[in-house]
Each structure stands twice: as C-alpha cells, then as structure tokens.
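Have a look at the structure below before the remarks.
In this note's numbering, the protein residues as written are 655 to 841.
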C-alpha cells in the first residue's frame, strides 16, 4: 500500500484505508514485533533495530508472554521510552500456563533450550504459580516505573478484542484530557 501510493499517487483507488498512513504503519510495526518475538525470546536486538528505524515518536505495541528475565525487559523498555515512544505491552499467556492445571506427570519440552523436563504437577504447581505471580508482578512494576501500559490476558481471549478495548480507553483518555485542556484560569 505504501509503495503503491508512493509510486502511483494519482492512480484511482476503489477504496481508502482508514487512518492512512498511521493505522497501516502501526499494523506493520505490530506485525514485525509479533514475528520477531515469535522467533526470538530476547527482544533486545529487534527492539534496538526498531528504535534505529522508527525515528518519529510512535505507539509501540509489544505482544509476548514476557517470561524472559526482568532485567532484560526493563533495559529494552527503557530504550524504547527514552527514544520518546509510547509503549504498550500485551502479555499473553495460555490458560494452562496461568493455572498449571495438569492432572498427571507430563514431559515438557523447553522450546528455547530444547531440553525435555519431566514434571509432576502436584509437586510443582504451588511453586510454579508462586514464581509466575512474582514474575508477572515484576513485569507490571517495571511497566509502572517506566510509564509503560501493560495488559495481561489469556489466549482464550481474542487479541484483537484486547487491543480494541485498549484503543477505546486510550481514545476516551484523550477526549477527557482534551476537554479540560483550556478550562484553567488565564487560558
């Protein structure tokens, strides 16, 4: 779409893209982060590259389970916010990850290391849930410190609905702050 509009600016268009170029650009950026995140858990290199490429202040939406070390996440988020970008995290976890509700011992494969782990859920559940809760609290605390938005939800909720809810709230926040922008004395 971008290339077509650049190469043939006077070509007839049977339809128009709502919010062009912002919405399609945001879509491309989000897709790039999703694909990158699917390939690598370490967000450092791709986010650094995004900061190099995207010079104008933008809304950066990161979608991941964010189960990487907190220090690395904070460093990456700091890079984005220091570059002037507004950042929004969508932490997506499978319901099984949130409840660890397995009935019998299972062989798990660590997709990052390739190791096989035999785990008895009755023994591991309490500690796993405690560590997951601690980690997720640390993610939220880091986001709050850095002024980064953060939403968590499970994969049984459609991503587009979560993003739609966030964008509606963001629009409402913008309307409420704009409504009162000129009401102070002397303005």
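The beta-carbon is built from N, C-alpha and C at its ideal position, and this holds for glycine as well.
Subject >> Proximity to residue 716 [Cα-Cα], best of 806, 825, 823 >> reply: It is 806.
Original post:
If you drop the 5 nearest sequence neighbours on each side, which residues of the same chain put their C-beta closer than 6 angstroms to that of residue 804?
Top reply: 743, 794, 797
Original post:
Got a sec, what are the start and stop residues for the beta strand (DSSP E) residue 712 sits in?
Top reply: No beta strand (DSSP E) contains residue 712, which DSSP labels as neither H nor E.
Original post:
Along the chain, where does the alpha helix (DSSP H) that runs through residue 771 open and close?
Top reply: Taken as a continuous stretch (DSSP letters only), residue 771 belongs to no alpha helix (DSSP H), being part of the beta strand (DSSP E) at 770–773.
Original post:
Just how far apart, CA to CA, sit residue 821 and residue 789?
Top reply: 26 angstroms
Subject >> Per DSSP, the bridge partner or partners of residue 805 >> reply: 744
Original post:
Would you call residue 693 buried or exposed, if buried means 16 or more other Cβ atoms sit within 10 Å of its Cβ?
Top reply: Its pLDDT being 45, under 50, residue 693 is placed unreliably by the model, and the measurement read from it follows with that caveat. That one is exposed.
Original post:
Applying the criterion that 16 or more other CB atoms from any shown protein chain within 10 Å of the CB defines a buried residue, is residue 664 buried or exposed?
Top reply: exposed
Original post:
Which value, in whole angstroms, describes the spacing of the CA atoms of residue 679 and residue 768?
Top reply: In this structure, the alpha-carbon of residue 679 lies about 35 angstroms from that of residue 768.
**OP:** State the Cα-Cα distance for the pair residue 782 and residue 666, rounded to the nearest angstrom.
**Re:** Taking the straight line from one Cα to the other gives about 58 angstroms.
**OP:** Pick out whichever of 761, 801, 785, 754 has its Cα sitting closest to the Cα of residue 808.
**Re:** Closest option to residue 808, Cα to Cα, is 754.
Subject >> Limits of the alpha helix (DSSP H) - the one that residue 811 falls within >> reply: No alpha helix (DSSP H) contains residue 811, which DSSP labels as neither H nor E.
Subject >> Segment limits, beta strand (DSSP E) that includes residue 760 >> reply: 760–763
**OP:** Grab me the residues of residue 763's own chain with a C-beta within less than 8 angstroms of its C-beta, minus the 5 sequence neighbours each way, in chain order.
**Re:** 769, 770, 771
**OP:** Specify the secondary structure class of residue 694 as computed by DSSP and reduced to three states.
**Re:** In this prediction, residue 694 scores a pLDDT of 48, lower than 50, which makes its location untrustworthy; the coordinate-derived value is nonetheless stated afterwards. Residue 694 falls in the coil class under three-state DSSP.
**OP:** Using 10 angstroms around the beta-carbon of residue 730, count the other beta-carbons present and answer buried if the total reaches 16, otherwise exposed.
**Re:** With 16 or more other CB atoms across the displayed protein chains lying within 10 angstroms of its CB, residue 730 is buried.
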